[in-house]
Amino acid sequence: MSASIESAAPASLLQPVLPPDTRRSLAWGQLHGASAALLIAAAARRYRGLVLAVAPDSQTALRLEMELRVFGGADLDILAFPDWETLPYDVFSPHQDIVSQRLAALYRLPQRRRGVLVVPVATLMQRLSPRGYLDRYALLLKVGERLDLDDFRRRL
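Sequential numbering from 409 applies to the sequence shown in this note's numbering.
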């Protein structure tokens, strides 16, 4: 459900009017090309919390993420939570890169205070494991990262 904001017009297209509280949402329509990403980036810079950008499908979410990285620059934190890209009755598992990206996004999400989370609408409909489960069993490693062996052994 979206609520329209009729009371105030934007000072410019790059300063969109935001809802007065977090219980309301804002819907923009008839945006062409990369204008949606431009407006979302402008709104995210003005908003003090995390902005949820819902895309109609995975391809649109990927394109929106790339456009947000262009318009947001280095100062806007963009976090993508991709779809599994498998059907419920498929006999194969999702690609390991997708699994890794989803786990990394879920792990980082509670630490984010500002920025944009890009999610396909089908992904919003899926159930997730509790946060405590991920905190307990997830282990994020990066190529070239230095590890404290004692701490690493305890985690395993």
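Every residue gets a Cβ at the ideal spot worked out from N, C-alpha and C, and that includes glycine.
Please read these numbers as outputs of a predicted model, since none were measured by experiment.
In the DSSP assignment, find the unbroken beta strand (DSSP E) run with residue i in it and report its ends.
i, result
"Leu439", "Neither: Leu439 is in no beta strand (DSSP E) and is coded neither H nor E."
"Gly523", "Gly523 to Pro528"
"Pro488", "Note that residue 488 corresponds to Ala in the displayed sequence, not to Pro. Its beta strand (DSSP E) spans residues Ile486 to Ala488."
"Val459", "Leu458 to Ala463"
Note the first and the last residue of the continuous alpha helix (DSSP H) segment covering residue i.
i, result
"Ala546", "Run containing Ala546: none; DSSP gives neither H nor E here."
"Gln622", "Given that the chain is displayed from residue 409 to residue 564, the structure contains no residue 622 and the question cannot be resolved."
"Val533", "Reading the sequence as shown, one finds Met at residue 533 and not Val. Element bounds for Met533: n/a, residue is neither H nor E."
"Leu470", "Ser466 to Gly480"
"Leu555", "Here Leu555 belongs to no alpha helix (DSSP H), and DSSP marks it neither H nor E."
Kindly indicate which residue of the options has the alpha-carbon position closest to the one of residue i.
i, options, result
"Gln467", "Ala530, Tyr545 and Phe500", "Ala530"
"Leu548", "Pro538, Phe560, Arg539 and Gly540", "Phe560"
"Val527", "Gly437, Arg456, Arg471 and Gln438", "Arg471"
"Leu460", "Leu517, Gln504, Trp492 and Asp505", "Leu517"
"Asp429", "Arg453, Leu536, Gly552 and Gly457", "Gly457"
"Leu522", "Ala450, Leu434 and Gln438", "Inspection of the sequence shows that residue 522 is occupied by Arg rather than by Leu. Ranking Ala450, Leu434 and Gln438 by Cα distance to Arg522 puts Ala450 first."
"Pro593", "Gln534, Val462 and Gln504", "The requested residue 593 does not occur in the structure, where the chain is confined to residues 409 to 564."
"Leu532", "Leu434, Ala469 and Gln438", "Ala469"
"Arg563", "Gly552, Ala546, Val551 and Glu553", "Ala546"
Compare the C-beta of residue i with all C-beta atoms of chain C and state if any pair is closer than 8 Å.
i, result
"Ala461", "No chain C appears in this structure, which consists of one protein chain only."
Just to confirm, does residue i get its C-beta within under 7 Å of one of the non-hydrogen atoms of the ligand NAD?
i, result
"Val526", "In terms of ligand content, the structure shown is empty, and the ligand NAD therefore cannot be addressed."
task: Answer yes if the stretch 485–492 comes into contact with the stretch 512–531, meaning at least three C-beta pairs across the two stretches below 8 Å, and no otherwise.
output: yes
message: Using 8 Å as the cut-off, can you tell me whether the stretch 467–484 makes contact with the stretch 435–449, which would need three or more C-beta pairs spanning the two stretches below that distance?
response: yes
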